[in-house]
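For reference, the structure is listed below as structure tokens.
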Amino acid sequence: MNFYKRYGKRIFDLCLTVPAFLVLSPVMGVTALLVAVKLGRPVLFVQKRPGYRERIFCMYKFRSMTDERDERGELLPDEVRLTPFGKWLRSTSLDELPELFNILKGDMSLVGPRPLLVQYLPLYNRRQRRRHAVRPGITGLAQINGRNSITWEEKFEYDVRYVETLSFREDVRILFETVFKVFRREGINSENSATMEDFTGTPEPGKEA
Numbered sequence: 030m031n032f033y034k035r036y037g038k039r040i041f042d043l044c045l046t047v048p049a050f051l052v053l054s055p056v057m058g059v060t061a062l063l064v065a066v067k068l069g070r071p072v073l074f075v076q077k078r079p080g081y082r083e084r085i086f087c088m089y090k091f092r093s094m095t096d097e098r099d100e101r102g103e104l105l106p107d108e109v110r111l112t113p114f115g116k117w118l119r120s121t122s123l124d125e126l127p128e129l130f131n132i133l134k135g136d137m138s139l140v141g142p143r144p145l146l147v148q149y150l151p152l153y154n155r156r157q158r159r160r161h162a163v164r165p166g167i168t169g170l171a172q173i174n175g176r177n178s179i180t181w182e183e184k185f186e187y188d189v190r191y192v193e194t195l196s197f198r199e200d201v202r203i204l205f206e207t208v209f210k211v212f213r214r215e216g217i218n219s220e221n222s223a224t225m226e227d228f229t230g231t232p233e234p235g236k237e238a
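So the sequence shown is numbered by my numbering: it starts at 30 and just counts up by one.
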């Protein structure tokens, strides 16, 4: 690996995340208070996700959905539990702010493939698994090229392309483009649901599903 991949990326993350964490602490405090009032406690959504080399870590986000359940005790569909306030949190990406703590811990990076669900691990084909060759990120190449409005296959192709072309220049470009995407609130939802549909797997190239 070159210097940036081996050392520089972590230094870059810390140089930006430490001051960002300090500056954004008041915003995070207000957001936490609003989540507690609008959605209840706990204010943080904590979930295990696979990270670098598929090692499992706990990712932190602000809650954006209620815990409403049906008569059998099962959670209602996302589109029912996602309130207008929750949609606003997601559209502004304020729900992602606690992930700065994950970066400080070394679980995540500012830029990289988004950490997905643990149950998706057995569903990736060999090429898609390469997305775990780097730390997952708050934003990435897939996020500036459609986010939840593109297919899983397109998203994973962007993830792998990022791994193959990782560089300081590319990380800076992705961060700048992310800022514009957040202000424009593009690609928040998929075409068919309030959140991204579940990933059900992709066959290996040349093999039938």
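Ideal Cβ placement from N, Cα and C applies to all residues, glycine included. This one's a predicted model, so the numbers in the text were calculated from it and none came from an experiment.
(message) Here's the rule: buried if 16 or more other CB atoms are within 10 angstroms of the residue's CB, otherwise exposed. What is V140?
(response) Along the sequence shown, one-based indexing puts residue 140 at 111. Under this definition V140 is a buried residue.
(request) Pull up the distance between the alpha-carbon of I85 and that of R78, whole angstroms please. (result) Position 56 of the sequence shown, counted from the start, is the residue given in the question as residue 85. Position 49 of the sequence shown, counted from the start, is the residue given in the question as residue 78. Taking the straight line from one Cα to the other gives about 5 Å.
(request) Pick out whichever of L146, T112, R82, M94 has its Cα sitting closest to the Cα of L73. (result) As a working mapping, residue 73 is identified with position 44 in the sequence shown. Comparing Cα positions, the closest option is M94.
(request) To the nearest angstrom, report how far apart T231 and R156 are at their CA atoms. (result) Within the sequence shown, the letter at position 202 stands for residue 231. Within the sequence shown, the letter at position 127 stands for residue 156. Their Cα atoms are separated by approximately 10 Å.
(message) With H, G and I counted as helix, E and B as strand and the rest as coil, what does DSSP make of T231?
(response) The sequence position of residue 231 within the sequence shown is 202, counting from 1. Residue state, collapsed to three classes: coil.
(request) Report, in whole angstroms, the separation of the C-beta atoms of F91 and L123, which I expect to be a contact under 8 Å. (result) As a position in the sequence shown, residue 91 is number 62, starting the count at 1. As a position in the sequence shown, residue 123 is number 94, starting the count at 1. 7 Å between Cβ atoms; contact.
(message) Contact defined as beta carbons within less than 8 Å: I believe I132 pairs with T168. What is the distance between those atoms, to the nearest angstrom?
(response) Here residue 132 refers to the residue found at position 103 of the sequence shown. Here residue 168 refers to the residue found at position 139 of the sequence shown. About 11 Å separates the two Cβ atoms, so there is no contact after all.
(request) Could you check if D227 is buried or exposed, using at least 16 other CB atoms within 10 Å of its CB as the buried criterion? (result) Against the sequence shown, residue 227 aligns to sequence position 198. D227 should be labelled exposed.
(request) Buried or exposed for N31, please, with buried defined as at least 16 other CB atoms from any protein chain shown within 10 angstroms of its CB. (result) The count along the sequence shown starts at 1 and reaches residue 31 at position 2. Result: exposed.
(message) If I follow the unbroken beta strand (DSSP E) through R98, where does it start and stop?
(response) Residue numbering aside, residue 98 sits at position 69 when the sequence shown is read from its first letter. Counting along the chain, R98 falls outside any beta strand (DSSP E), and DSSP gives it neither H nor E.
(message) With distance defined between alpha-carbon atoms, name the residue in K116, L170, T229 nearest to Q148.
(response) The sequence position of residue 148 within the sequence shown is 119, counting from 1. Q148 has its Cα closest to that of T229, out of K116, L170, T229.
(request) With DSSP collapsed to three states, give me the class of R35. (result) Taking the first residue of the sequence shown as position 1, residue 35 is located at position 6. Looking at R35 - three-state DSSP - the assignment turns out to be helix.
(message) Using a 10 Å radius around the Cβ and a threshold of 16 neighbouring Cβ atoms, would you call P23 buried or exposed?
(response) With the chain covering only 30 through 238, there is no way to say anything about residue 23.
(message) Looking only at its chain, what residues have a beta carbon closer than 7 Å to the beta carbon of K98, apart from the 5 residues adjacent to it on each side?
(response) Taking the sequence shown and counting its residues from 1, the one referred to as residue 98 is at position 69. Residue 98 is actually Arg in this sequence, not Lys. Contacts found: L104, L105.
(request) Have a look at S196, S120, G80 and flag the residue whose alpha-carbon is nearest the alpha-carbon of L150. (result) Here residue 150 refers to the residue found at position 121 when the sequence shown is read from its first residue. Of S196, S120, G80, the residue nearest in Cα terms is G80.
(request) Have a look at L152, G135, R164, F114 and flag the residue whose alpha-carbon is nearest the alpha-carbon of P144. (result) Counted from its first residue, the sequence shown places residue 144 at position 115. Answer by Cα proximity: R164.
(message) With distance defined between alpha-carbon atoms, name the residue in R101, V109, A162 nearest to K34.
(response) Indexing the sequence shown from 1 puts residue 34 at position 5. Of R101, V109, A162, the residue nearest in Cα terms is A162.
(request) Rounded to whole angstroms, what's the CA-CA distance from R101 to F197? Just pull it up for me. (result) Residue mapping note: residue 101 aligns to position 72 of the sequence shown, counting from 1. Residue mapping note: residue 197 aligns to position 168 of the sequence shown, counting from 1. For R101 and F197, the distance between alpha carbons rounds to 50 Å.
(request) Determine the burial state of P48: buried for a count of at least 16 other Cβ atoms within 10 Å of its Cβ, exposed for fewer. (result) Residue 48 sits at position 19 when you count from the first residue of the sequence shown. Exposed.
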